[in-house]
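Everything below concerns the one structure shown next.
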Amino acid sequence: MRYISHFALALLFMVLIAVGFADQIAFEPDFDEVIFIKRKPYSSDHNYTVVNNGTSPDRFVAENGIYIYSLSAKKARPVVTAADLPGGKGVIGKISLSFDAKKIVFDHRKNVSSGFRIWEVNVDGTGLKQLTSTPEDEAQKLARYGNAKFHTDDMHPCYLPDGGIVFTSSRCEHGILCGGHIGLVSVILHRMDADGSNIEKLTSSPVSEFSPVVLADGRVMYHRWEYIDKGARVGKTFWTMAPDGTKTEELFGLSDSYHATGAHMYPQPVPGNDSLIACVTSPHYPQGNSSGPILMIDLSEDARSLKPIKNITPDVQVAQAQNGWLFASDNYKALHADGAGGPLYTHPYPINEKQLLVSCKHDPLNHYRNVPGAYAIYLIDVDGNEQLIYKDEDDTLSCWHPTPLAPRPVPMDIESVSDPSLKLKNEALCVVTDVYQGLEGVQPGTIKYLRINEAIPRYWETKRLWSPNFQSNRWVTALWPRVQWGIVPVEKDGSAYFTVPADRNIFFQALDENYMEVQRERTYVNYKPGEIRSCTGCHDRSRKVQRSITDSSPLALKRPPSVPAAQPGETDARQVIHYPSDIQPIFDAKCVSCHSRTKPDGGLNLAGTVTDRYSVSYDQLLRKALAGPSVAEFISHVGRDDANINGSFLPPKTLGSYASGLIKTVRTEDTNDPHYNLLSEPEMLNLIRWTDTNYQFYGTYFGRHHGAHKNHPDFRRRPTFKEAISPHAPDWHK
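Per our numbering, the sequence shown starts with residue 48, numbered consecutively.
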C-alpha cells in the first residue's frame, strides 16, 4: 500500500511538471477580475490591412465581445457582445477602461461594408451607446478614395484625464506611402469630448499612428510609423504628446541598429515606474495580429540604442529576412518558415515591474492568423515563467487585450502655452537654443541657416490612376516627397528663433554659408497653432525638446522671430522640388552637349529622355550613385537596405550635397576642369537643394507620371506649392 502511495505521488508530480506546475508564478494581484475581448484573430498580413481585409467576413460572429473573467470564481461572463450591437455579428477591436473602472470604450465594426466606430458601455453591461458615427461626407471621402467598397474607421480609443477620448482614425484621408494597392490606409490621432462631439485631428502625420495610452504624467503615448529619409522597416517608434496634440516628442524606437529589432507595438506603461514600458515586437511582415516577443523597455537607458531592451519571452525573436522581418528561433525554424509555430505574444498589460498579462498563442501547431481559438490570456514574468489564466471554453474564439478591472489614479493635467496671435495665423513658434549640440565635429559658426521642410501625406485623391497602372509612391525615390517652406538665419551662438507652419509635418536641415546641408532632422514634428517650443540642438534626443531656455538668453531671442524666407535666386520662400522642371533644364543647358547620345563622356547620359517612371538622366544618376547617398538610392535602385543609411543617427555630411559626387564634380576648384564655373549661382543652389532633398523626382503625388502619358498636356506637370500640399487634387489631375 505504501508502495502504491509513493508511486501515485511520483506520478502526480510528473503530471504537474508536464502541465507546467513548476513554472507557476506567485500571483497575488490586488484585483479579482480581468476585462478582455473575445474574437477570432485578424487575418491580415500587414498592420495597414487590419481595418479591411484583416476583418474578413468569417471574422464576424455574434459571440465576439467584451468579457470579464473572475480569478476567484474562474468564470467568464459577457459585458457586451456583437449580438447586442448593430449587425449582430460584428468585430470588436480594442478596449480602454476608464480611470474609475466603471466604463469601457471600444471600437466596433458591424460588417465588411462599414467602418469601425467607437462605442461606450458600463462594466455591468448597461449604458451602451455609440460615440462616433459615419462622417456626413463619407460618400465624398470614398469618392476621393477612388473605391466605394471601403470606408473610414475610428479605432483604438482611450480615455483622457479630462474625460475626453483620444483615438486613431482614417478620417484624415491619408494613404500609406509604401505599397501599391488601394486597401492600405493610414490612420492618425484624433480626440473628442466624452459624448463623441467636437472631433478634432491632433496630428498631421503622413503615416499611421496607433494604440494611444495615457502615462502617469498626463502625456499620451502612442505608436507611430514614419519615413523621413529612413528605410521603411525601421521607423516604428513610440512618441508622446499632450492631450491637445502639443508637445509631440520621440520617446523610443529610433534605434541605431536597424537589424536588431522589428516593429514595436502596443506600448503600455509599467505601474509605479515611469521609466519602464512593455510592448510587443512584430515582424515588418507577415504581421497579422502584431504578435511576437514581449519586450520590457527601460527609458532611463540611452533611448537611441539597444540598451533599454530586454526580451522577456526569448523563445521567440524577430529577425530580418530578405523581404521583411520574420520570427526567428529554434522552434520556429523547426516548424514553420513563416513563423507559425511556437509561442506568439501580444497586447501586454504590466501589473508591476515583474509580471504582465498577455495574449498568447502557445500551441506550436496553430497558425497565428487562421486558428479561431489560438490565443488565450496568460500571466508571464520577466524571468520567463508563465501560466494560463483563461482560454475560451469552446476553443472557437481568441482572447485579446487583457486589462485588470481596477481603478487607477487619474493622471495630472498638462497645460500648454499658446500664443493667440500665432494661433490666428495657423503658425507656431520655435526656438533652437544651440544648433551645435549634437553636431560632433562641426565648428561653431559653420551653420548659417535652417531650411524648413514638410513631409507631404499621400492623400486619398492621389490614388486616381490611369493605364498603365503606375503609382508614383513605390520604392522609386518618390516615397518621401517634401516641400520647402523657406530658410531662417542661425546666430553665431547657434541659436535660431522663428515661426513655422502649424498642423504640418515639419523637419529641419542645418545649412552652411553655401546653403549646403550639414545635417538633417530625419523625423518630423507636428506643431499646433499657437504652440511655443524650444529644442536644444541639432539631432539631439527629442525628449529634451521641452527643456526650458536658460538664463543666458540665446542671441536669437534678442530680436523678433524670423519669418521663413527665400534662398538667393528664389522669388518665394515656399518651393516645390520637381526634377523635370527644376533639374533637367540645367542639364539640358549645360551638360547634355557632352553627356548624351550613344557614347556620352564618362559613360554618363544626362539626356531628359522619358522612361516609364523617370528619365534617362535620373536613372543614370541613381544607378551610378552620383547624386549622393540617400535612402531612395539604397532601397529603390540598389535593391538593398543599408544599416548605415537606416540607422537613427548619421554623422554630419553623411547625406545630401556634401556626400554627392555630382556636386563635388560641378563645384570643382580646378580651373582646368571643364566643369569649373560651369553652373551659375542660381543653378548651383538649385542643384544643391535638390540633392539635399533626397533628390526626389516628383514634386507631388498628383498627376500623370507614367511615360506612356508623355504626350498628354499635363504629363509630369510641375505643381504649385498650394497644389503640392493640398489634400484635394488640382483640376489637371482629373
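Just so it is clear, CB atoms sit at the ideal spot from N, CA and C, and this is done for glycine as well. The structure presented is a predicted model; accordingly, all values stated were derived computationally and were not measured.
{"Query": "Can you give the Cα-Cα distance for R765 and P536, rounded to whole angstroms?", "Result": "29 Å"}
{"Query": "So, for D666: in the same chain, excluding its five sequence neighbours on each side, which residues have a beta-carbon less than 7 Å away from its beta-carbon?", "Result": "T658"}
{"Query": "Which whole-angstrom value is the C-beta distance of V168 and V234, which I expect to be below 8 Å?", "Result": "Rounded, the Cβ-Cβ distance is 23 Å, inconsistent with contact."}
{"Query": "Starting from the C-beta of I275, find all residues in its chain whose C-beta is less than 7 Å away, skip the five residues before and the five after it, and write them out in chain order.", "Result": "A502, W527, F554, R569, T570 and Y571"}
{"Query": "Going by DSSP, what residues sit across from Y425 in a beta bridge?", "Result": "V405 and L435"}
{"Query": "Does any residue of chain D have a CB that is nearer than 7 Å to the CB of R736?", "Result": "The displayed structure is made up of one protein chain only, and chain D is not part of it."}
{"Query": "Looking at the strands, I want to know which residues DSSP matches up with W286.", "Result": "Y269 and E297"}
{"Query": "Measuring straight from C-alpha to C-alpha, what distance separates D291 and N552?", "Result": "17 Å"}
{"Query": "Could you tell me the alpha carbon to alpha carbon distance between N473 and H270, rounded to whole angstroms?", "Result": "26 Å"}
{"Query": "Name the residue from I359, E440 and P491 whose alpha carbon lies nearest to the alpha carbon of E433.", "Result": "I359"}
{"Query": "Can you pull the DSSP bridge partners for G222?", "Result": "V232 and R505"}
{"Query": "Does the stretch 738 to 758 come close enough to the stretch 769 to 777 to have 3 or more Cβ pairs within less than 8 Å?", "Result": "yes"}
{"Query": "Could you have a look at Q614 and say whether DSSP puts it in helix, strand or coil?", "Result": "coil"}
{"Query": "When burial is assigned at 16 or more other CB atoms within 10 Å of the CB, is N500 buried or exposed?", "Result": "buried"}
{"Query": "Would you mind giving the Cβ-Cβ distance between I139 and R86, rounded to the nearest angstrom? I have them listed as a contact below 8 Å.", "Result": "6 Å"}
{"Query": "Starting from the Cα of T546, find the closest Cα among G488, V159 and K470 and give me that residue.", "Result": "K470"}
{"Query": "Might you give, ordered along the chain, the residues of its own chain that have their beta carbon closer than 7 Å to the beta carbon of V489, omitting 5 neighbours on each side?", "Result": "Y483, V565 and P699"}
{"Query": "For the beta strand (DSSP E) holding Y192, just list the boundary residues, first then last.", "Result": "Per DSSP, Y192 belongs to no beta strand (DSSP E); it is in the alpha helix (DSSP H), E185 to Y192."}
{"Query": "For R644, tell me which candidate among T656, I633 and K637 has the shortest Cα-Cα distance.", "Result": "T656"}
{"Query": "Looking only at its own chain, which residues have a Cβ that is under 6 Å from the Cβ of G577, when we skip the five neighbours before and after it?", "Result": "S465, D466, L469 and K470"}
{"Query": "Along the chain, where does the beta strand (DSSP E) containing V138 start, and where does it finish?", "Result": "V138 to L144"}
{"Query": "Specify whether the stretch 178 to 185 and the stretch 432 to 448 touch according to this definition: at least 3 beta carbon pairs, one from each stretch, less than 8 Å apart.", "Result": "no"}
{"Query": "Any idea which residues DSSP pairs P311 with across the strands?", "Result": "Contrary to the premise, residue 311 reads as His rather than Pro in this sequence. DSSP, once it has assigned bridges, lists T328 as partnering H311."}
{"Query": "Looking at the structure shown, is H237 part of a helix, part of a strand, or coil, going by DSSP?", "Result": "strand"}
{"Query": "Just to confirm before moving on: does the CB-CB distance between H237 and K141 stay below 7 Å?", "Result": "no"}
{"Query": "Taking only three categories from DSSP, how would you classify T712?", "Result": "helix"}
{"Query": "Have a look at M563 and K575 and give me their C-alpha separation to the nearest angstrom.", "Result": "29 Å"}
{"Query": "With a CB to CB cut of under 7 Å and the five nearest residues on each side skipped, what residues in its chain are close to D209?", "Result": "P290 and D460"}
{"Query": "Kindly indicate which residue of F257, G265, E273 and D264 has the alpha-carbon position closest to the one of C326.", "Result": "F257"}
{"Query": "Quick one: Cα of E730 to Cα of L497, how far?", "Result": "20 Å"}
{"Query": "Hey, out of Y626, H409, Q364 and M343, whose CA is closest to D430's CA?", "Result": "M343"}
{"Query": "How many Å lie between T250 and N724 at the Cα?", "Result": "45 Å"}
{"Query": "How many whole angstroms separate the CB atoms of D629 and N733, which I take to be in contact at a CB cut-off of 8 Å?", "Result": "6 Å"}
{"Query": "Using a threshold of 7 Å, state whether the C-beta atoms of W507 and Y745 are closer than that.", "Result": "no"}
{"Query": "From what residue to what residue does the alpha helix (DSSP H) around A771 run?", "Result": "F768 to I772"}
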